[in-house]
Structure formats: C-alpha cells, structure tokens
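What follows is a short report on a single structure.
Number of protein chains: 2
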Amino acid sequence: MPKQVDHRERRETIARALWRVVEQRGIAHASVREVAQEAGISHGAVQHYFATREEMLVFAMDFASEQTSRRVTEGVRELGDPPHPRDVLRVMLAEMLPLHPDARATSRMSAAYVLEALHDANIHTRARDGLAQGRDLVERIVRQAITDGHIGSDRDPATETNLLLALTGLTPLIELNVIEPHEALTAVDQHLDRLFTDKG
Amino acid sequence: MPKQVDHRERRETIARALWRVVEQRGIAHASVREVAQEAGISHGAVQHYFATREEMLVFAMDFASEQTSRRVTEGVRELGDPPHPRDVLRVMLAEMLPLHPDARATSRMSAAYVLEALHDANIHTRARDGLAQGRDLVERIVRQAITDGHIGSDRDPATETNLLLALTGLTPLIELNVIEPHEALTAVDQHLDRLFTDKG
Chain A
1 MPKQVDHRER
11 RETIARALWR
21 VVEQRGIAHA
31 SVREVAQEAG
41 ISHGAVQHYF
51 ATREEMLVFA
61 MDFASEQTSR
71 RVTEGVRELG
81 DPPHPRDVLR
91 VMLAEMLPLH
101 PDARATSRMS
111 AAYVLEALHD
121 ANIHTRARDG
131 LAQGRDLVER
141 IVRQAITDGH
151 IGSDRDPATE
161 TNLLLALTGL
171 TPLIELNVIE
181 PHEALTAVDQ
191 HLDRLFTDKG
Chain B
1 MPKQVDHRER
11 RETIARALWR
21 VVEQRGIAHA
31 SVREVAQEAG
41 ISHGAVQHYF
51 ATREEMLVFA
61 MDFASEQTSR
71 RVTEGVRELG
81 DPPHPRDVLR
91 VMLAEMLPLH
101 PDARATSRMS
111 AAYVLEALHD
121 ANIHTRARDG
131 LAQGRDLVER
141 IVRQAITDGH
151 IGSDRDPATE
161 TNLLLALTGL
171 TPLIELNVIE
181 PHEALTAVDQ
191 HLDRLFTDKG
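Protein chains in written order, with the UniProt record's numbering: chain A, 1 to 200; chain B, 1 to 200.
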C-alpha cells in the first residue's frame, strides 16, 4: 500500500475513534490520550499523525463533513436524472439530522464543534467557513429552483435558504427522544411541500 | 435577609458564573473548581451549595430556562391584551435565539446541556422533560390559534409545533456569524407569516 494512502487511512481511523469518543462521552473527553485509547493505538502514534488536539479535531470535523457529503452524493445518485431540487434538498436535510448511526455520529461531532468554535478563534474561522460553504450550496439550489419555476419567484432565496438550514434545529428534539425520526421527516416534508410549487 | 433567600441567591450567583464559564470556555471547563474561581468564592463554598458538579449543572440549566421564561413573560406583557398568538410565538422564538447577551448565555448553556445529556442518563431525563414541556406549551398555543381561526384548520398542530421549534436551528448560523441577527428574525417572521392566516 502506498505510504500516502496508509497515512490518510490512519488519520481516518483516528478521526472515527474521536467521533465515537464525542458521541459516547462528549468532546471534553476528546483528548489525544482518550482518542488513542479508543483507536487502540499508542499516544505517540496519534501524535505522529496529529501534532495537536486541535489539529486532530479539525481533521475529524472535515472528515465528518466529507462523509456527510458522500452520503448525500450517494442519495442523490439514486434519484431521477436530472434529480428534482426538492428531492436533493430532502436528501441533504435527512443526512444532516441524526436519523441513523453514521448521521448521528457526524451530527454530534458537528454540534460539539460549533460549541468548541465559540472559544477557539481558529476553529471558529474553520467552522464558519464550512457552514457558509454549505449554506452557499443550498442557496444555489434554491436560486436555480426559482429560475426553473420549481419555487415561486416571490420567495426570497436568502431567507428560504436560512429556513431550510434551520430545519437542523429538529436535532435536539430527536436526540432527546421528544419526537420520533418519522415526525422529524414529516416536518421536513411539510416545509418542502410549501416551498415548492411542484412536488419532487 | 432571610436565610432561604440568601441560599437561593448564592446558588443563582454560582449558576451565572457557570453560564459565563460555559459561554467563554465551554462546558468542559464547568468544574466546581473553575466555577468557584469565576464566581470569586471558595471551592468549599460551592460544595456547600451543590454536592456534585451534576447538581450544579442541573440547577444552572433550570435557572437558564427560568430566566428565558421570565424574559418571554416580560415581552408578552408588552403586547396587546389579549396578545395575538403570532406575537407570543415571535417573542418566544426571539428569546430562544442568541440575539442579545442574556439570550446568548442561556442558548449556549442549553446547547451544551443537550450534548451533556447524550452521555448522562440523569441529565438526559431532565433535558428531555424540559424540552417536552416547552414543546407542549408551543403546541397548546398552536392548537388554540387553530381553534380561534388564526391558523388554518388544515394545518397539523404537532408538525407545526415541530417546525416552530426547529427555528432554533438558526442558532449556529448566528453564532458563527454566517448570518446577521436581523436575517434570522426575517426568517422567523417569514415562517410565522405563512403559518398565520391573519397577522399579529
């Protein structure tokens, strides 16, 4: 196996171990020591791949975003060609909510990362850039859907984008078992049905 | 000053110190030691008021919820009599978003508490009960507004309640400076305008 691939794989293994620590014990426990233990490798080995805890956290978050994107891409591939923008947004939103184990791991990582960003300037910049990039992607889909007549031209694309991203606010209701996953999806569908003039 | 009042006041002072620690450094730093230091009192004094870190956290969260309720009650008092349900919901949502320093402190406390709940069964139960209670309150307002003809009878009260609570999902966008507070309020108003058949 080429060295470069092996290096990447080891970093991903450590990132997944960090997700598990965050998911099961909280980000306060995401130290190099506890992550190394969870990954079943030595403290020194983790330090070989990540110079600092922050570097490890940043990689674990980037990897979580990549994995979410990958799941969205796979979900979109199963849609018609070209896919209806309503269905694309539904796949994106469903993968951002903690509705299955992988999505739950990345959702918890993401929630912890936002809180970590509030008292770490470097993480704040990275988290803001990541969220702004995701927001831009959603806004492009909304604008195109307005151009293509799927969403009424009276809708403001920026506000509609913010309302779509706000649906991730269903997360605490799901995580604390106040509502069932199917109720969260019903709410997402209701919102999308009212946004689109035609159905996906 | 009666002893009971003094006791309560000291607990609130400690709770506010805990909020500041959570807001500025993160919940990982919300130990009895760091909170005592922030409150400017001795470690032993904090232990006199709270037997454990968990007890301190639970009180700080209950106090945050109470303070949010108090702000909502004050905001609602300034509305017409009887207040329009749209305006009541707007006051509630605005106070749940981190749009001013007090709301930001309670919002961050709440976000950290949800993450803490994911790996602490006692906190999970309390956080779930608190959120379910808040959700019930919103659902009662929605049901009454449907009965009174402010919201169309074709709307499903449970789904509408979930969509209203989902608006707290604007929080990361505000906290990471991806959108401005006024853009968050525009989104909230858009949502409410579409929910109500008459305006508040």
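The beta-carbon is built from N, C-alpha and C at its ideal position, and this holds for glycine as well.
Residue i beta carbon near the ligand COA (any heavy atom closer than 7 Å)
i, result
"THR186 of chain A", "The model on display carries no ligand, and the ligand COA is accordingly not part of it."
Interface residues of chain B facing residue i [CB-CB closer than 7 Å]
i, result
"PRO172 of chain A", "VAL114, LEU131"
"THR168 of chain A", "GLY169"
"ALA64 of chain A", "Residues of chain B passing the Cβ test: none, with the nearest at roughly 14 Å."
"GLN24 of chain A", "HIS119"
"ALA51 of chain A", "By Cβ distance, chain B contributes nothing, its closest Cβ being about 21 Å from ALA51 of chain A, past 7 Å."
Identity of the residue in the options nearest residue i by Cα
i, options, result
"VAL91 of chain A", "A:LEU99, A:LEU195, A:VAL76", "A:VAL76"
"PRO98 of chain B", "B:HIS191, B:VAL58, B:THR161, B:ALA184", "B:ALA184"
"ASN162 of chain B", "B:ARG140, B:GLU180, B:ALA17", "B:ARG140"
"ARG104 of chain B", "B:ARG53, B:HIS191, B:GLN24", "B:GLN24"
"ALA51 of chain B", "B:ILE27, B:ARG11, B:GLU180", "B:ARG11"
"LEU173 of chain B", "A:LEU118, A:PRO101, A:ALA60", "A:LEU118"
"ALA127 of chain B", "B:ASP136, B:ASP62, B:THR171, B:GLU160", "B:ASP62"
"GLN144 of chain B", "B:PRO101, B:PHE196, B:ILE14, B:LEU167", "B:PHE196"
"ALA166 of chain B", "A:ASP154, A:ASP148, A:VAL188", "A:VAL188"
"LEU137 of chain B", "B:LEU164, B:GLY152, B:HIS124", "B:LEU164"
"GLU34 of chain B", "B:MET96, B:ALA45, B:VAL21", "B:VAL21"
"GLY40 of chain B", "B:ALA15, B:ALA28, B:VAL58", "B:ALA15"
"ASP120 of chain A", "B:LEU176, B:ASP102, B:HIS191", "B:LEU176"
"PRO85 of chain A", "A:PRO181, A:ASP148, A:GLU180, A:HIS182", "A:ASP148"
"ARG194 of chain A", "B:GLU9, B:GLU160, B:THR13, B:HIS124", "B:GLU160"
"MET96 of chain A", "A:GLY80, A:GLN67, A:ASN122", "A:GLN67"
"GLU9 of chain B", "B:VAL46, B:HIS29, B:ASN122, B:GLN37", "B:VAL46"
Residue i: contacting residues in chain A (beta-carbon distance under 7 Å)
i, result
"HIS191 of chain B", "LEU163"
"ILE179 of chain B", "ASN162"
"LEU137 of chain B", "By Cβ distance, chain A contributes nothing, its closest Cβ being about 13 Å from LEU137 of chain B, past 7 Å."
"GLU175 of chain B", "VAL114, LEU118"
"ALA127 of chain B", "LEU176"
"ALA45 of chain B", "Under the 7 Å cutoff, chain A gives no residues; its nearest Cβ is about 24 Å from ALA45 of chain B."
Bridge-paired residues (DSSP) for residue i
i, result
"ILE151 of chain A", "A:PHE196"
Within chain B, the residues that residue i reaches when beta carbons sit closer than 9 Å
i, result
"GLU183 of chain A", "ALA158, THR159, ASN162"
"ARG194 of chain A", "ARG194"
"ALA145 of chain A", "What ALA145 of chain A touches in chain B: nothing, since even the nearest Cβ is about 17 Å away."
"ALA60 of chain A", "Correct list: empty, because the minimum Cβ distance to chain B is about 15 Å."
Neighbour list for residue i in chain A, Cβ cutoff strictly below 9 Å
i, result
"THR186 of chain B", "ASP156, ALA158, THR159, ASN162"
Contacts that residue i makes with chain A (C-beta to C-beta distance below 8 Å)
i, result
"ARG108 of chain B", "LEU115, LEU118"
Under 8 Å from the C-beta of residue i: neighbouring residues of chain B
i, result
"HIS124 of chain A", "LEU176"
Residue-level contact to chain C via CB, residue i, 8 Å cutoff
i, result
"ARG90 of chain B", "Annotation note: the requested chain C is absent from the structure, which comprises protein chains A and B."
If contact means a Cβ-Cβ distance below 8 Å, which residues of the segment 16–40 of chain B contact chain A? For the segment 16–40 of chain B, which is checked against every Cβ of chain A, the residues closer than 8 Å are GLU23, GLN24, ARG25, GLY26, ILE27, ALA28.
Quick check for students: name the residue ranges of the alpha helix (DSSP H) that lie wholly in the segment 164–196 of chain B, counting only runs of 4 or more. With a minimum length of 4 residues, the continuous alpha helix (DSSP H) runs that stay inside the segment 164–196 of chain B are 171–175, 181–195.
Pull out every residue of the segment 76–105 of chain B whose Cβ sits closer than 8 Å to any Cβ of chain A, in chain order. Within the segment 76–105 of chain B, no residue has a Cβ that lies closer than 8 Å to any Cβ of chain A.
Complete alpha helix (DSSP H) runs within the segment 93–122 of chain A (minimum length 4 residues, chain order): Counting whole runs of 4 or more residues, the segment 93–122 of chain A contains the alpha helix (DSSP H) stretches 101–117.
Could you name each continuous alpha helix (DSSP H) segment of 4 residues or more that falls completely within the segment 58–91 of chain B, going from the start of the chain to the end? You should have found no qualifying run.
Enumerate, from N- to C-terminal direction, the unbroken alpha helix (DSSP H) stretches of 4 or more residues contained entirely within the UniProt domain "HTH tetR-type" (8–68) of chain B. Entirely contained in the UniProt domain "HTH tetR-type" (8–68) of chain B, the alpha helix (DSSP H) runs reaching 4 residues are, in chain order, 32–39, 43–49.
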